[in-house]
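Data first, discussion second: the structure below is written as structure tokens.
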Amino acid sequence: MPPNKAAENVLGTIAFFSVDTGTVCWAAQCLPQIWKSWREKSTKGFSQWLILLWGIASVFLGAYALIQGLNIPLTLQAHLFGFLCLVSWGQCQYYGMNRTKLVSALMTLGVMLLCASVELTLVLTIRPMQNHRSKEIATSFFGIASCVLISVALIPQYYEIYKLKAVVGISLLFLAVDITGGVFNDLSLVFAERFDVLAAVSYSLVIVLDSVIIVCAAAFKFSAWRRRRRRGGSSIHGAAPSDEIPQLDGGSGGDDEVPLQHLTILSRTGSMLSRTPSRYSWIVTDVDDVRSARAGCAQGLEEGEKSLKGNHHEEVAEVGVKGERV
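So for the sequence shown, the UniProt record's numbering puts the first residue at 1; every next one is plus one.
Structure representation (structure tokens):
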């Protein structure tokens with residue numbers, strides 16, 4: 001196919017700014033993940049090693065793009081991709097590792113400066129080389145290193161999924177944008193003057209490995225839906241729970257009957273409902289015991305009132321007698 005520079009730049013720009021998907025493919029693919037972590041104030045289930053290794057891979061990917069002279073959108077993508085990956089990694093330090101804002105910001109800035117220094121050193125060292133063979137070997141190493149890091153970085157995320165038995169913490173929109181960017185990047189390479197195999201392999205690996213996570217998320221959701229459906233079916237065919245309390249066995253059902261069955265009363269032993277040496281222990285009493293205790297309690301109150309009245313009359317009589325003597 002003859003080279004088509006316009007098509008190459010157009011497709012590369014589509015990968016850079018994609019209005020159809022509502023976000024920026026690859027160049028800003030981490031924005032959904034950054035927003036999700038900020039909104040939930042948590043990065044549980046999202047591997048910090050995934051995003052850190054992607055940030056490191058962007059160093060080799062950016063150096064490879066600069067040395068190979070890839071189109072401008074793809075070159076800018078690599079650098080914005082690395083920047084946002086490290087921002088997301090900083091969120092993992094703050095939300096996941098519970099570091100302070102200052103420490104997280106300093107760690108993120110330090111890693112960014114380190115990555116920029118390494119990439120600049122690589123480009124300034126390899127680009128002026130006169131030995132084309134050595135230059136080609138070094139450039140190929142950068143491409144291979146970025147492919148390996150991008151692929152290996154997903155292993156910690158797969159482990160998080162295996163450990164939690166669910167896909168949580170990672171934004172599915174982030175993965176969808178990542179896949180879309182990889183597709184458009186592959187298409188942009190098709191229209192280039194020379195088809196770059198290493199770049200195509202790197203982009204294609206992203207498509208495949210991200211798709212595996214999306215498939216896992218769909219599988220776990222389907223499994224959870226089936227479990228809920230089975231529980232719902234068993235509750236329909238089984239005995240339906242009743243909120244009503246049945247009548248006591250042998251009760252007449254009159255107004256004086258207490259509509260309770262298998263009811264136990266928890267009461268303080270210091271009360272009239274129970275008698276036990278322990279002052280602060282809880283006991284379980286039967287309904288019949290409660291009824292008899294209630295009757296005894298009422299009788300005791302009546303006797304207590306009579307006793308108080310009797311004592312009061314005796315005191316009044318004594319005062320009257322003393323007054324007469326005086």
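Using N, Cα and C, we set each Cβ at its ideal position, and we do this for glycine too.
**Prompt:** Smallest Cα separation from K41: which of A57, K165, K163, G169?
**Reply:** Ranking the options by Cα distance to K41, first place goes to G169.
**Request:** Look at the alpha carbon of G232 and the alpha carbon of A176, and state the distance between them as a whole number of angstroms.
**Result:** Straight-line Cα distance between these residues: approximately 33 Å.
**Asked** Between the segment 93-110 and the segment 176-189, do at least 3 Cβ pairs fall closer than 8 Å?
**Response** Because the criterion of three Cβ pairs below 8 Å is not met, the segment 93-110 and the segment 176-189 do not touch.
**Request:** Determine the burial state of S134: buried for a count of at least 16 other Cβ atoms within 10 Å of its Cβ, exposed for fewer.
**Result:** Flag for S134 reads exposed.
**Asked** Between which two residues does the alpha helix (DSSP H) carrying A63 extend?
**Response** 48-68 is the span of the alpha helix (DSSP H), which, as asked, contains A63.
**Message:** Which of the three DSSP states is assigned to K41 in this structure?
**Reply:** In the structure shown, K41 sits in coil (DSSP, three-state: anything other than H, G, I, E or B).
**Item:** Residue from G45, P32, S140 whose Cα sits closest to the Cα of F60
**Value:** Taking the Cα of F60 as reference, the smallest distance to any Cα among G45, P32, S140 is reached at S140.
**Prompt:** Taking all protein chains shown into account, do 16 or more other C-beta atoms lie within 10 angstroms of the C-beta of G62, making it buried, or fewer, making it exposed?
**Reply:** The residue in question, G62, is buried, as its Cβ has 16 or more Cβ neighbours within 10 Å.
**Message:** Taking only three categories from DSSP, how would you classify Q93?
**Reply:** When DSSP states are grouped into helix, strand and coil, Q93 belongs to the helix group.
**Item:** contact_flag[the segment 52-59, the segment 147-158] where n(CB pairs < 8 Å) is 3 or more
**Value:** In this structure the segment 52-59 lies against the segment 147-158, because at least three pairs of beta carbons, one per stretch, are closer than 8 Å.
**Asked** Hey, out of V201, R229, C216, G143, whose CA is closest to Q157's CA?
**Response** When only C-alpha atoms are compared, the closest one is C216.
**Prompt:** Is R99 helix, strand or coil when you go by DSSP?
**Reply:** Reduced to three states, the DSSP call for R99 is coil.
**Item:** Span of the alpha helix (DSSP H), counted from its first residue to its last, around C147
**Value:** Under the DSSP assignment, C147 falls in the alpha helix (DSSP H) whose first and last residues are 132-152.
**Request:** Consult DSSP for D196 and reduce its assignment to one of helix, strand or coil.
**Result:** Look at D196 here: in three-state DSSP terms it is coil, with no helix or strand label.
**V73, DSSP secondary structure in three states** = Position check: residue 73 holds Pro in this sequence, whereas Val was assumed. In the structure shown, P73 sits in a helix (DSSP, three-state: H, G or I).
**Prompt:** Between the C-alpha atoms of G229 and R39, what's the straight-line distance to the nearest angstrom?
**Reply:** Position check: residue 229 holds Arg in this sequence, whereas Gly was assumed. Approximately 31 Å between the Cα atoms of the pair.
**Asked** Ordered along the chain, which non-local residues of its own chain (more than five positions away) have a Cβ less than 7 Å from that of A138?
**Response** Contacts found: I126.
**Request:** Could you name the residues of the same chain whose beta carbon sits closer than 7 Å to that of F174, not counting the 5 residues immediately before and after it, in chain order?
**Result:** The answer, listed in chain order, is Q29, C30, P32, Q33.
**Neighbourhood of residue 354 by C-beta, 7 Å cutoff - its chain only, sequence neighbours within 5 removed** = The structure shown has nothing for residue 354, since the chain only spans 1 to 326.
**Prompt:** Is the beta carbon of G45 sitting closer than 9 Å to the one on V167?
**Reply:** Taking 9 Å as the cut-off, the Cβ atoms of G45 and V167 count as close.
**Request:** Identify which residue in W49, W89, T75, A65 has its Cα closest to the Cα of S104.
**Result:** Ranked by Cα distance from S104, the options W49, W89, T75, A65 are led by W89.
**Prompt:** Do you know offhand how far T108's Cα is from A65's?
**Reply:** T108 and A65 have their alpha carbons spaced roughly 24 Å apart.
**Item:** Residue nearest to F142 in terms of C-alpha spacing, selected from I67, Y203, V190, E303
**Value:** From the listed residues I67, Y203, V190, E303, the smallest Cα separation to F142 is found for I67.
**Message:** Quick check: S146 and S211, are their CB atoms within less than 9 Å of each other?
**Reply:** S211 is positioned such that its CB atom lies no closer than 9 Å to that of S146.
**Reference G181; option with closest CA among M112, L106, V206, V111** = Of M112, L106, V206, V111, the residue nearest in Cα terms is V206.
**Message:** Looking only at its chain, what residues have a beta carbon closer than 8 Å to the beta carbon of T75, apart from the 5 residues adjacent to it on each side?
**Reply:** Within the same chain, T75 has close Cβ partners G62, A65, L66.
**Request:** Could you pull the start and end residues of the alpha helix (DSSP H) that S171 belongs to?
**Result:** Here S171 belongs to no alpha helix (DSSP H), and DSSP marks it neither H nor E.
**Request:** Determine, using beta carbons only, whether C85 and L52 come nearer to each other than 9 Å.
**Result:** Here C85 is near L52, since their CB atoms are less than 9 Å apart.
**Asked** With burial defined as no fewer than 16 other Cβ atoms inside 10 Å of the residue's Cβ, what is the status of H79: buried or exposed?
**Response** Answer is buried; the Cβ neighbour count reaches 16.
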